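S.K.: Residue 173 in numbering that gives the first Met the number 0 sits at position 174 of the sequence shown, and the numbers go up by one each step.
The structure that follows is given in the form of structure tokens.
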Amino acid sequence: MRPQEGVVGVASPPGALGGHCLAVRTCHGTGRVGGRRLDLLWGRFAMSSGKPQFGTLEVARMLGVSAMTVVRWIDKGLIPAFKTPGNHRRILREDLRHFVRRMGIPLPDELKQDRWRVLAVDDEPEVLDVMARAFEADGAQYEVYRALDGVTALIDVGRIKPDVLLLDIVLPGLDGVEVCRRIKANPHLTTVIVAVSGKATDEMRDAVLAAGANLFIEKPVSIHRLRREVSQLMEG
């Protein structure tokens, strides 16, 4: 049985993304959702889904550390992992890549990807369409998703784990500053956030940067500049 979409995802600490652990996949040693039975269920699902994954020895070789160091990272909850029916720890490539970026470790060749995931968020459909199409035009490099409000954006961040979030600040319900704050409060997310607004004040800019945005751009912004800034952030 396929897990409900939006439930299997990041194991969030209390308070992050507005709630408790969202995932069946557990961070060992945290004492949150799970136990061996859920580990095995998730392990079977992950293996059947065909998602790239690694064992502790492979990860150790990749990062130049011992297998025991990798096990300790898992037990401390630094890297999400699951166990196979044979009791072997497995780590999804996506989770390992986020861990490596979060720790500032040079990205091994095995973890490099062909396309970056971009989530564009704006409550004006026309503006959202322009932002999204700017990156959809280069489908070989970007995989683009869209959201019209802050709550949907948070759900999609936990589900998709985008590499880049193009985030309008003035949003209905949950504004961009709060969205940014909740994302940055989750240690398992390394999403680069580019905040944009056409109604920006100095206070608003300072607030979103203090909340963790990597860059603030005032509207109107040229598509060429937006793509250039995103490219520089991802390559840097």
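For glycine and all other residues, C-beta sits at the position ideal for the given N, C-alpha and C.
As the structure is a computational prediction, the values presented were derived from the model and not from experiment.
DSSP on K82, reduced to helix/strand/coil?
M.R.: In this structure, K82 counts as strand in the three-state DSSP scheme.
S.K.: Just reading off the alpha helix (DSSP H) that I159 is part of, what are its end residues?
M.R.: That run of the alpha helix (DSSP H) goes 149–159.
S.K.: Consult DSSP for G54 and reduce its assignment to one of helix, strand or coil.
M.R.: Looking at G54 - three-state DSSP - the assignment turns out to be strand.
S.K.: Cα separation between L21 and R145?
M.R.: For L21, the predicted structure reports a pLDDT of 33, less than 50, and the residue's modelled location is therefore unreliable. A value from the coordinates is still provided. Looking at the two C-alpha atoms, the distance is approximately 21 Å.
S.K.: From which residue to which residue does the beta strand (DSSP E) around R174 run?
M.R.: The sequence as given places Asp at residue 174; Arg does not occur at that position. That residue, D174, is in no beta strand (DSSP E); it is neither H nor E in DSSP.
S.K.: Which residues share a DSSP beta bridge with L164?
M.R.: Per DSSP, L118, I192.
S.K.: Within 10 angstroms of its Cβ, does N185 collect 16 or more other Cβ (buried), or is it exposed?
M.R.: When all chains shown are included, N185 counts as buried.
S.K.: Helix, strand or coil: how does DSSP classify I90 here?
M.R.: The answer is strand: DSSP assigns I90 an E or B state.
S.K.: Can you tell me whether E142 is helix, strand or coil according to DSSP?
M.R.: Correct three-state label for E142: strand.
S.K.: By the three-class DSSP mapping on this structure, what secondary structure does F215 have?
M.R.: Strand at F215.
S.K.: According to DSSP, is I73 helix, strand or coil?
M.R.: Helix, per DSSP.
S.K.: Return the chain-ordered list of same chain residues with a C-beta closer than 8 Å to the C-beta of P219, the five sequence neighbours on each side being excluded.
M.R.: Within the same chain, P219 has close Cβ partners G197.
S.K.: Out of curiosity, what's the CA-to-CA distance linking N86 and V64?
M.R.: Rounded to the nearest angstrom, the two C-alpha atoms are 22 Å apart.
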